[in-house]
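Each residue of the sequence shown is one higher than the last, beginning at 20 in my numbering.
Notes follow once the structure below has been shown.
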Amino acid sequence: MKKLTRKETTAILAKGIPAYVAAYPTVVSFEMTYSCCNDCKHCNMGGIVDDEKRIGPADYRRLMRQLKPVIVQISGGEPLLRKDLIDVLRAIKPAGSAAPYLIVVSNGWLLSRDKYLAMREAGINQLSISLCFPDSRHDEWRGTQGLFDKLDRMIPELAALGHDDIVLNCAITKENMPHVMDIARVAERWGVSISYSAYSVLRTGNRAYTIETEEDLAQLRDQFDQLRSYKEINCGRILNADFNLQGTYEFFEKGEITPCSAGKHFLVVTPEGFLKPCSMHDKEYTSLKEIKRSFVPVNECGGCYVSIRSYLDRSLPSLVKEYLGQHSFGRKNGSAARTV
Numbered sequence: 020m021k022k023l024t025r026k027e028t029t030a031i032l033a034k035g036i037p038a039y040v041a042a043y044p045t046v047v048s049f050e051m052t053y054s055c056c057n058d059c060k061h062c063n064m065g066g067i068v069d070d071e072k073r074i075g076p077a078d079y080r081r082l083m084r085q086l087k088p089v090i091v092q093i094s095g096g097e098p099l100l101r102k103d104l105i106d107v108l109r110a111i112k113p114a115g116s117a118a119p120y121l122i123v124v125s126n127g128w129l130l131s132r133d134k135y136l137a138m139r140e141a142g143i144n145q146l147s148i149s150l151c152f153p154d155s156r157h158d159e160w161r162g163t164q165g166l167f168d169k170l171d172r173m174i175p176e177l178a179a180l181g182h183d184d185i186v187l188n189c190a191i192t193k194e195n196m197p198h199v200m201d202i203a204r205v206a207e208r209w210g211v212s213i214s215y216s217a218y219s220v221l222r223t224g225n226r227a228y229t230i231e232t233e234e235d236l237a238q239l240r241d242q243f244d245q246l247r248s249y250k251e252i253n254c255g256r257i258l259n260a261d262f263n264l265q266g267t268y269e270f271f272e273k274g275e276i277t278p279c280s281a282g283k284h285f286l287v288v289t290p291e292g293f294l295k296p297c298s299m300h301d302k303e304y305t306s307l308k309e310i311k312r313s314f315v316p317v318n319e320c321g322g323c324y325v326s327i328r329s330y331l332d333r334s335l336p337s338l339v340k341e342y343l344g345q346h347s348f349g350r351k352n353g354s355a356a357r358t359v
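Next up, the structure:
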């Protein structure tokens, strides 16, 4: 999540603290489609899903009344494939509302200046763009020729508009791990922030992309040491808290992190409108009550360490402290990040 304004922080804490205490979902991810215009090696989606059943804006409005999330993530697949995306955003966040904090996650292939501005007008707080490599290797990894060049032109152009609401997402794999710092410097060059998370074998079943050997772990440790030093003088550019970087390392080292709060503080809504405690699990539910009864008490999974999960697994006091400190009120002294 990007650095927050006072208004955003106040809205999140005002709704988030009661939701957390009541074990209600703080974050809901609406997977609007399983279709995607990329075909990434580390993801289980890719390509167009024919005759996909999808709920519409009125259904999303109903789900918002039912689930009352504080933070909403619009994802897929690729949400920009949905022609009714703007209508859905408006259904989720009525005009003039401070909440929910609304994030759209995209690969950027279909992104344009007009679409970005339309999403902002519809109420998004953050646009997250996936980046796997610091150069054209991103194209090969995602199966889309010309994608990196498109982002290399588009993201700086949008960042120059000055809204400070674009965040790069990087899922760390064995393949891109040696380039963690290089990817951070791309974010700096483009004038945006970046957040890292860990690749999960649960996503594809392919262990070739995870980080397991002592040699790879040592290299990851070195990359994270560099990232922490970079973070100290590039205020606000790297959005991962130190505990998150440490947790990511420990996830790869141990192969899991338990316990997990999926279904309790976080859940997923499928394109058809079913509920899932987590996108890594296939079983679908029809109500939050069913998830709390059937899934939460027996959940022993620790097979992922995505950024959302890493924050929501924390205690309420530490989570509030994190929002007030690490994520609030822009970069220190309002200064721009500096180059190392």
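Just so you know, even glycine gets a beta-carbon here, dropped at the ideal spot from N, CA and C.
Owing to the predicted nature of the structure, the values given are computational and were not obtained by experimental measurement.
Query: In DSSP terms, what Gln145 is bridged to; Result: Ile122
Query: Proximity below 9 Å, CB of Lys34 to CB of Ala110; Result: no
Query: Backbone CA spacing between Ala178 and Pro44 [nearest angstrom]; Result: 31 Å
Query: The stretch 211-221 / the stretch 166-173 touching (three or more Cβ pairs under 8 Å); Result: no
Query: Buried versus exposed call for Asp332 [16 or more other C-beta atoms within 10 Å across all chains shown]; Result: buried
Query: Glu319, buried or exposed, once every other Cβ within 10 Å from all chains shown has been counted against 16; Result: exposed
Query: Short Cβ contact (9 Å threshold) for Ser147 with Ser125; Result: yes
Query: CB-CB length for Phe152 against His182, believed under 8 Å; Result: Not really, about 26 Å apart at Cβ, beyond 8 Å.
Query: Distance, Phe270 Cα to Leu99 Cα; Result: 31 Å
Query: Proximity below 9 Å, CB of Val91 to CB of Lys112; Result: yes
Query: Exposed unless 16 or more other CB atoms sit within 10 angstroms - verdict on Arg101; Result: buried
Query: Exposed unless 16 or more other CB atoms sit within 10 angstroms - verdict on Thr232; Result: exposed
Query: Assigned exposure category for Leu23 - 16 Cβ within 10 Å defines buried; Result: buried
Query: Buried/exposed call for Arg328, threshold 16 Cβ in 10 Å; Result: buried
Query: Start-to-end residues for the beta strand (DSSP E) that takes in Ser116; Result: Element bounds for Ser116: n/a, residue is neither H nor E.
Query: Coil, strand or helix - Ser94 by DSSP; Result: strand
Query: Where Lys26 falls, given that 16 or more other Cβ within 10 Å makes a residue buried; Result: exposed
Query: Exposure label - Gly224; buried when at least 16 CB within 10 Å; Result: exposed
Query: Sub-9 Å separation of His61 and Arg312 beta-carbons; Result: no
Query: CA-to-CA distance, Gln145 to Ile230, given in whole angstroms; Result: 30 Å
Query: Distance between beta carbons of Ile310 and Leu286, contact taken as under 8 Å; Result: 7 Å
Query: Rounded separation between Gly349 and Gly255 - CA only; Result: Per-residue confidence for Gly349 stands at a pLDDT of 44, beneath the threshold of 50, marking its modelled position as unreliable; the derived number appears in the next sentence. If you take the alpha carbons of Gly349 and Gly255, they lie about 7 Å apart.
Query: Tyr43 - DSSP class collapsed to helix/strand/coil; Result: coil
Query: Gly321 versus His300 - alpha carbon distance; Result: 12 Å
Query: Cβ separation of Thr163 and Glu97, assumed to be a contact under 8 Å, to the nearest whole Å; Result: Thr163 to Glu97, Cβ: 11 Å. No contact.
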